[in-house]
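If you read the sequence shown in the numbering used here, its first letter stands for residue 4, the second for the next number, and so on.
Even glycine gets a Cβ: it sits at the ideal position worked out from N, Cα and C.
Remember, it's a predicted structure, so these values are computed and weren't measured experimentally.
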Amino acid sequence: MSSDKWKSRINRMAYGIRRRVLAHTISRNGGYLSQACSSAEIFASLYGKILRLAPLDHPILPTKFTSTPKLGVPAVTGIEYNGNGKWDCDNFILSPAQYALVLYATLIESKRMDENGMEQYDQDGSRVEMIGAEHSPGMEVTTGSLGQGISQAAGIAWARKTIGETGRVVMLMSDGECQSGEFWEAVQAASFHKLGNMLIYVDMNGYQCDGIMSNVMNIEPFHKRLKSFGARVYRVDGHNIETLVKIGRKQSAATPTFVLCKTDPCRGINVLKYRYPKFHYVRFTSQNEKADYKKFYDTMKYD
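What follows is the structure, encoded as structure tokens:
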């Protein structure tokens, strides 16, 4: 595929991700919308060009939730959307589980999930959870409290390296969860064990549920701290798909690679800006407010 064609395809995916999440937010009277604004290009680049995934015959329609893991009953996970764990396929670990809606939109845009699956969103007995769990589409583990996902990813990466598998463990993290002590323990361990098969994109939109991230707990100079722990680090524009893809296709280093993606929590949906500095979750407080978002959505047309 020519350079112009894949760029156009990924940009269209990113646009479609934002559009789907906005439509869903309007229909549900609320949603994690700013996460789609900041991370759409990251998700689109991952599923459109970076991740090594097994091909699917057709988009998967999510089945109903059957059982929690127990003796004799294996865990139900969303790994089928990402290649079923084949030795040369990548794992994808979504650490901030509140981005699940963005992941579902990405799976639909990349033809890996049937769009009718969204009718199951947040319904009793459904795997299409509001806060994604291991059984949700595209989710491979339950990441639990923020900051725990990287520990699980490091364990998977260590196991894959030990048995000689060539697939990587690719993650998406949010910047706020990097405030936790567990995150830094995991980085230290992953660097010490030379887990070069880890590739971590961090959505650095600068905001968390309590407002401006640097006012809650500043983690800068983030890149220098990561380097001091032994990681390979890039700091990039998180909306530049060429840069995101170029780094994602580089040869693995001896230690984990972090891609710190500076992003805009209102990118592509400017109507969000008036909510500054609380972007974490949109819940409409009036019909007039909802109408403003609907009016904006009506301007978002595919070519």
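Quiz item: So is Thr-28 buried or exposed if we call it buried at 16+ other beta carbons inside 10 Å?
Solution: Start at 1 with the first residue of the sequence shown, and residue 28 comes out as number 25. Flag for Thr-28 reads buried.
Exercise. Kindly indicate which residue of Arg-286, Gly-199, Thr-302 and Tyr-300 has the alpha-carbon position closest to the one of Phe-2.
Key: Outside the displayed range of the chain (4 to 306) lies residue 2, so it cannot be described from this structure.
Practice problem: Within the same chain, show all residues whose beta-carbon is closer than 8 Å to that of Lys-10, passing over the 5 residues directly before and after it, in chain order. | Solution: For the purposes of this step, residue 10 is identified with residue 7 of the sequence shown, where counting begins at 1. Here the set comprises Ile-244 and Glu-245.
Quiz item: By how many angstroms is the C-alpha of Gly-158 removed from the C-alpha of Ser-70?
Solution: Taking the first residue of the sequence shown as position 1, residue 70 is located at position 67. Taking the first residue of the sequence shown as position 1, residue 158 is located at position 155. Going from the Cα of Ser-70 to the Cα of Gly-158 covers about 24 Å.
Exercise. Measure the CB-CB distance between Gly-179 and Gln-151 and report whether it falls below 8 Å.
Key: The residue labelled residue 179 in the question sits at position 176 within the sequence shown. The residue labelled residue 151 in the question sits at position 148 within the sequence shown. Their beta carbons are not under 8 Å apart, which means Gly-179 does not touch Gln-151 by this criterion.
Self-check item: Those residues which DSSP pairs with Tyr-204 across a bridge
Solution: Numbered from its first residue, the sequence shown carries residue 204 at position 201. According to DSSP, which records beta bridges pairwise, Tyr-204 is partnered with Leu-175 and Val-262.
Quiz item: For Thr-145, which residues of its own chain have a beta-carbon under 6 Å away from its beta-carbon, when the five flanking residues on both sides are left out?
Solution: Numbered from its first residue, the sequence shown carries residue 145 at position 142. Closer than 6 Å at the Cβ level, and outside the excluded window around Thr-145, lie Ala-136 and Glu-137.
Practice problem: Below 8 Å on the Cβ atoms is my guess for Tyr-35 versus Leu-104; work out the distance and round it to an integer in Å. | Solution: Within the sequence shown, residue 35 is the residue found at index 32, counting from 1. Within the sequence shown, residue 104 is the residue found at index 101, counting from 1. So it is a contact: roughly 5 Å between Cβ atoms.
Quiz item: Taking Cβ positions, are Val-172 and Asn-94 nearer each other than 8 Å?
Solution: One-based indexing of the sequence shown puts residue 172 at position 169. One-based indexing of the sequence shown puts residue 94 at position 91. Yes; because the gap between Cβ atoms is below 8 Å, this pair is in contact.
Quiz item: When we look at the beta-carbon of Glu-44 and count the other beta-carbons within 10 Å, is it buried (16 or more) or exposed?
Solution: Position 41 of the sequence shown holds residue 44. By the neighbour-count rule (16 or more Cβ atoms within 10 Å), Glu-44 is buried.
Self-check item: Between the CA atoms of Gly-233 and Phe-225 - distance to the nearest angstrom
Solution: The sequence position of residue 225 within the sequence shown is 222, counting from 1. The sequence position of residue 233 within the sequence shown is 230, counting from 1. The alpha-carbon atoms of Phe-225 and Gly-233 are separated by roughly 13 Å.
Quiz item: Just the Cα atoms here: how many angstroms apart are Thr-258 and Met-201?
Solution: Position 255 of the sequence shown, counted from the start, is the residue given in the question as residue 258. Position 198 of the sequence shown, counted from the start, is the residue given in the question as residue 201. Answer to the nearest angstrom: the Cα atoms are 8 Å apart.
Quiz item: What is the residue span of the alpha helix (DSSP H) that Asp-60 lies within?
Solution: The sequence position of residue 60 within the sequence shown is 57, counting from 1. Note, Asp-60: premise wrong, no alpha helix (DSSP H); not H, not E.
Quiz prompt | Alpha carbon of Val-219 to alpha carbon of Gly-51, nearest angstrom | solution = Taking the first residue of the sequence shown as 1, we reach residue 219 at position 216. Taking the first residue of the sequence shown as 1, we reach residue 51 at position 48. Approximately 34 Å between the Cα atoms of the pair.
Self-check item: Endpoints, the alpha helix (DSSP H) within which Asp-240 is located
Solution: Position 237 of the sequence shown, counting from 1, holds the residue named residue 240. Unbroken run through Asp-240 is the beta strand (DSSP E), 235 to 240; no alpha helix (DSSP H).
Quiz item: The alpha helix (DSSP H) spanning Leu-104 covers which residue range?
Solution: Position 101 of the sequence shown holds residue 104. Element bounds for Leu-104: 103 to 112.
Quiz item: Where does Ala-47 land, buried or exposed, given buried means 16+ other C-beta within 10 angstroms?
Solution: As a working mapping, residue 47 is identified with position 44 in the sequence shown. Buried, since its Cβ has 16 or more Cβ neighbours within 10 Å.
Quiz prompt | Three-state secondary structure assigned by DSSP to Tyr-277 | solution = Within the sequence shown, numbered from 1, the residue matching residue 277 stands at position 274. Helix, per DSSP.
Self-check item: With 16 other Cβ atoms within 10 Å as the buried cut-off, status of Arg-350
Solution: Any property of residue 350 remains undetermined from this structure, which presents the chain solely from 4 to 306.
Self-check item: Run of the beta strand (DSSP E) containing Phe-95, from where it starts to where it stops
Solution: Here the question's residue 95 lines up with position 92 in the sequence shown. Here the beta strand (DSSP E) through Phe-95 covers 94 to 97.
Self-check item: Which residues DSSP lists as bridging Val-76, in chain order
Solution: Locating residue 76 in the sequence shown gives position 73, counting from the first residue. DSSP, once it has assigned bridges, lists Lys-73 as partnering Val-76.
Quiz prompt | Under the three-state DSSP convention, the category Ile-159 falls into | solution = Translated into the one-based positions of the sequence shown, residue 159 becomes position 156. If DSSP states are grouped into helix, strand and coil, Ile-159 belongs with the helices.
Quiz prompt | Cα-Cα separation, Gly-268 to Val-24 | solution = Along the sequence shown, one-based indexing puts residue 268 at 265. Along the sequence shown, one-based indexing puts residue 24 at 21. It should be pointed out that residue 268 corresponds to Pro in this sequence rather than to Gly. Cα to Cα, the separation comes out at about 13 Å.
Practice problem: Excluding the 5 residues preceding and the 5 following His-283 in the sequence, name in chain order all residues of the same chain whose CB lies nearer than 6 Å to its CB. | Solution: Position 280 of the sequence shown, counted from the first residue, corresponds to residue 283. Once the five neighbours on either side are set aside, the close Cβ partners of His-283 are Cys-212.
Quiz prompt | Among Met-121, Glu-168, Ser-113 and Ser-148, nearest to Pro-58 - alpha-carbon criterion | solution = Within the sequence shown, residue 58 is the residue found at index 55, counting from 1. Comparing Cα positions, the closest option is Ser-113.
Practice problem: Work out the CA separation of Arg-238 and Thr-66 for me, nearest whole Å. | Solution: Here residue 66 corresponds to residue number 63 of the sequence shown, with the count starting at 1. Here residue 238 corresponds to residue number 235 of the sequence shown, with the count starting at 1. One C-alpha to the other measures close to 39 Å.
Self-check item: Host alpha helix (DSSP H) of Tyr-296 (start-end)
Solution: Indexing the sequence shown from 1 puts residue 296 at position 293. First-last of the alpha helix (DSSP H) with Tyr-296: 290 to 300.
Exercise. Measure the beta-carbon distance from Thr-80 to Ile-20 and round it to whole angstroms, keeping in mind my assumption that it falls under 8 Å.
Key: By one-based count along the sequence shown, residue 80 stands at place 77. By one-based count along the sequence shown, residue 20 stands at place 17. Not quite, the Cβ-Cβ distance comes to about 22 Å (not below 8 Å), so this is no contact.
Practice problem: Would you mind reading off the limits of the alpha helix (DSSP H) that contains Ala-100? | Solution: Working through the sequence shown from its first residue, we reach residue 100 at position 97. Premise fails: Ala-100 is in no alpha helix (DSSP H) and is neither H nor E.
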